[in-house]
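Here is the structure we will look at.
Protein chains in written order, with the numbering used here: chain U, 86 to 481; chain E, 86 to 481.
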């Protein structure tokens, strides 16, 4: 039911075209998994997202775990039935959210701010700033729910058990995600734990034709650890790979990490770069052989009134657009650009109308999926570097 | 370009079927104008609302006046072009919002709470609770913007000037809307001012084939005032009538007011009951000869997690729906009921997902417009009272 094959390699880089078949449809790679954290996309139906070009969606296990809603999903027979969609779905392991509760709060590291809403962080009964809510043991992670305050335990076994209940096409192994501020010693320890957990995940996964699992490579920003982790995870019978954890402190570090990692992985298996998705990162990663991404940037930017365009990103709340009759992007073929002016979008965003966010999300998702189409076409025609140069002149 | 004719009268009541033609399409009456306060419907495109059955939309002039955004709309050539829609639009005069700032704040009367967001009401520089921000003169109303604090002035002349710029198909005269707590003497004074303003509005409107204007009947809950106002407004060359102001303290008072008012109006002109729209009010008003409504209930209920159904209103956030595989309303033919379970909606609403509100809005608007279709069919078949009895058994 599942297969992955490389259909074309770029002549000038390690970029590659691939075709990932799942029981719910095909995914042309390189591609972006559209994030539907809690089982819906911000302001857009799955059906419409699919029409805009989305091949696959990423849903976060954590948000069906902490509230036990996976038990409801079980009664429906999995996420596809619960959400009533027929497209390929991925779930992550829940680990990223849990560990973010730990180091994210302790080290006050950026991304956490986006995972849990301010109202949760403000709750006085779980004063989390500077505190680590997470206790890590060899068999799993104990943590306090940021929603209920309840003590919860997540392990390789129950992450996989829940992901099997959720029935996503592609699932991810449960790993320990470390902070960019973690020491070498700690990152090594966490990596070793991730490796033990990878084996436990495969055991818990067993044999099934309904789902495939990606193993996750850790090792932080350390060359030897990344290489050890790549070799170890590559030695296990995962269907594909996720590149997780800290990718260093600068955008250049991402390239270094991928250069250490990707050459050691079976080139016939798909590689997913977890949670990364700025335009320049996408090009750099594809150039080095990444096939899949998931990233909330199209929706997060929309929330911040920002749209992609071939003139660069634009903030439509800026007063310079208040009477601008042009579309967001004059070259864009999306329904928003065909129908609405920047002035109308400016008005909606200034007035905090929900519809303004909906239109920006629709445009941003169309735009970035269209960029992925262009990337695939450029690889087909050996013009990837030309497209990269053009786009990075706008987005760096 | 505009016409209105009665196509059928119910044999048992004063309910009537009508056809209102506008340059942007026809409106079958009785009908509900879908509220798009600031130029968008909460969580729904105009196009989709039209597909759900919406014939006409109500936009609030106030929200294009206080921020001078009507000047932008002017550059586009009117709301239809600014919003890029081809359907009939109504605008109100702005009066309701302004006077709500006055008596609404002073008397702390209900509806105001819904007009301005809490963040506005919380602003310390305009401490409005118990204060009247509005000064009423014979030539218009001076008030402080609840958004900017700026002093603004709205008059019959500039309300009509702005409504002519906005270019809605149907516009409303500028009236003084009084509080349900106003005395007889004050209500009379305000009614007299409304009458003077009605003439000023007609003068400012002049001759045009692009728009028509409805005059507004005031007089509060007082029989003699309502009758005087009906006769006076009926004597002027308005295209139709709006029934405005306080309709008394109970639902029964609405019927009394309509019984005083409607028999005195030219029966060949359309009658719009402003801002009313609970299911029982709709039936009672149509029974007495009302043709048009505008009401935010479908979207406001959605915001409060509540859906219409033929089993009565249901709150989908209630835990009793958490694993319910049935649709919101098993008899409903909308896309939401065809595709989604109460359990999925419950999940989305519990998790505060925007998509949950979008789905509820879609269902509620379809459902209530479908109810209007049934009402029209019932009038055609002289079965209006039967339908009324059936629906009021559910919605009272």
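Yeah, the Cβ is synthetic: ideal placement off N, Cα and C, and Gly gets one too.
Owing to the predicted nature of the structure, the values given are computational and were not obtained by experimental measurement.
Mind checking residue i: buried by the 16 CB within 10 Å criterion, or exposed?
i, result
"residue 415 of chain E", "exposed"
"residue 475 of chain E", "exposed"
"residue 179 of chain U", "buried"
"residue 95 of chain E", "buried"
"residue 309 of chain E", "exposed"
"residue 238 of chain U", "exposed"
"residue 331 of chain E", "buried"
"residue 462 of chain U", "exposed"
"residue 353 of chain U", "exposed"
"residue 418 of chain U", "exposed"
"residue 428 of chain E", "buried"
"residue 86 of chain U", "exposed"
"residue 134 of chain U", "buried"
"residue 465 of chain U", "exposed"
"residue 182 of chain U", "buried"
"residue 478 of chain U", "exposed"
"residue 185 of chain E", "buried"
"residue 311 of chain E", "buried"
"residue 213 of chain U", "Note that residue 213 of chain U has pLDDT 46, beneath the 50 cutoff, so the model's placement of it is unreliable and no number is given."
"residue 348 of chain E", "exposed"
"residue 471 of chain U", "exposed"
"residue 63 of chain U", "Residue coverage of chain U in this structure runs from 86 to 481, which leaves residue 63 of chain U outside it and unanswerable."
Since residue i sits in a beta bridge, which residues does DSSP pair it with?
i, result
"residue 118 of chain U", "U/379"
"residue 333 of chain U", "For residue 333 of chain U, which the question treats as bridged, DSSP gives no partner whatsoever."
"residue 227 of chain U", "U/220 and U/238"
"residue 400 of chain E", "E/391"
"residue 103 of chain E", "E/91 and E/114"
"residue 356 of chain E", "E/326"
"residue 175 of chain E", "E/143 and E/255"
"residue 126 of chain U", "U/129"
Relative to the C-alpha of residue i, which residue among the options is closest?
i, options, result
"residue 150 of chain U", "U/122, U/295 and U/427", "U/122"
"residue 187 of chain E", "E/430, E/261 and E/316", "E/261"
"residue 102 of chain E", "E/226, E/113, E/108 and E/257", "E/113"
"residue 374 of chain E", "E/309, E/381 and E/366", "E/366"
"residue 116 of chain U", "U/413, U/178 and U/357", "U/357"
"residue 437 of chain E", "E/393, E/388, E/477 and E/258", "E/388"
"residue 221 of chain U", "U/430, U/263, U/364 and U/316", "U/263"
"residue 467 of chain U", "U/100, U/91, U/88 and U/340", "U/100"
"residue 433 of chain E", "E/88, E/243 and E/390", "E/390"
"residue 167 of chain U", "U/184, U/129, U/124 and U/130", "U/124"
"residue 52 of chain E", "U/332, U/426, U/108 and U/135", "Nothing about residue 52 of chain E can be reported from this structure: the residues present for chain E run from 86 to 481 only."
"residue 257 of chain U", "U/297, U/280 and U/219", "U/297"
"residue 88 of chain U", "U/294, U/362 and U/315", "U/294"
"residue 277 of chain E", "E/292, E/315, E/344 and E/254", "E/315"
"residue 405 of chain U", "U/453, U/430 and U/136", "U/430"
"residue 359 of chain U", "U/302, U/413 and U/399", "U/302"
"residue 111 of chain E", "E/172, E/165, E/120 and E/219", "E/172"
"residue 379 of chain E", "E/90, E/140 and E/130", "E/140"
"residue 422 of chain U", "U/439, U/449, U/142 and U/218", "U/449"
"residue 460 of chain E", "E/372, E/255 and E/403", "E/372"
"residue 363 of chain U", "U/381, U/400, U/446 and U/409", "U/381"
"residue 223 of chain U", "U/420, U/92, U/268 and U/285", "U/285"
"residue 157 of chain U", "U/299, U/233 and U/250", "U/250"
"residue 442 of chain E", "E/254, E/128, E/120 and E/174", "E/128"
"residue 85 of chain E", "E/91, E/93, E/118 and E/106", "The question about residue 85 of chain E has no answer, for chain E in this structure spans 86 to 481."
"residue 177 of chain U", "U/163, U/300 and U/105", "U/300"
"residue 259 of chain E", "E/270, E/272, E/281 and E/304", "E/281"
Chain A beta carbons: is any one of them nearer than 9 Å to that of residue i?
i, result
"residue 160 of chain E", "Considering every chain present, this structure includes no chain A. Its protein chains are U and E."
Entirely within the region 258-332 of chain E and at least 3 residues each: give me those beta strand (DSSP E) ranges in chain order. 297-302 and 325-328
Could you list the residues in the region 118-133 of chain U with a C-beta less than 8 Å from some C-beta on chain E, going in chain order? 123, 124, 125, 126, 127, 128, 129 and 130
Along the region 362-377 of chain E, what residues have a CB closer than 8 Å to any CB found in chain U? none
Minimum length 4: unbroken alpha helix (DSSP H) runs contained in the region 418-447 of chain U: 420-424 and 427-435
Using Cβ-Cβ distances below 9 Å, what residues of the region 427-441 of chain E are close to chain U? 428, 429, 431, 432, 433, 435, 436, 437, 438, 439, 440 and 441
Determine which residues of the region 401-427 of chain U have a Cβ less than 8 Å from any Cβ of chain E, and write them out in chain order. 407, 408, 410, 424, 425 and 426
By the 7 Å beta-carbon criterion, what residues does the region 163-177 of chain E contribute toward chain U? 167, 168 and 169
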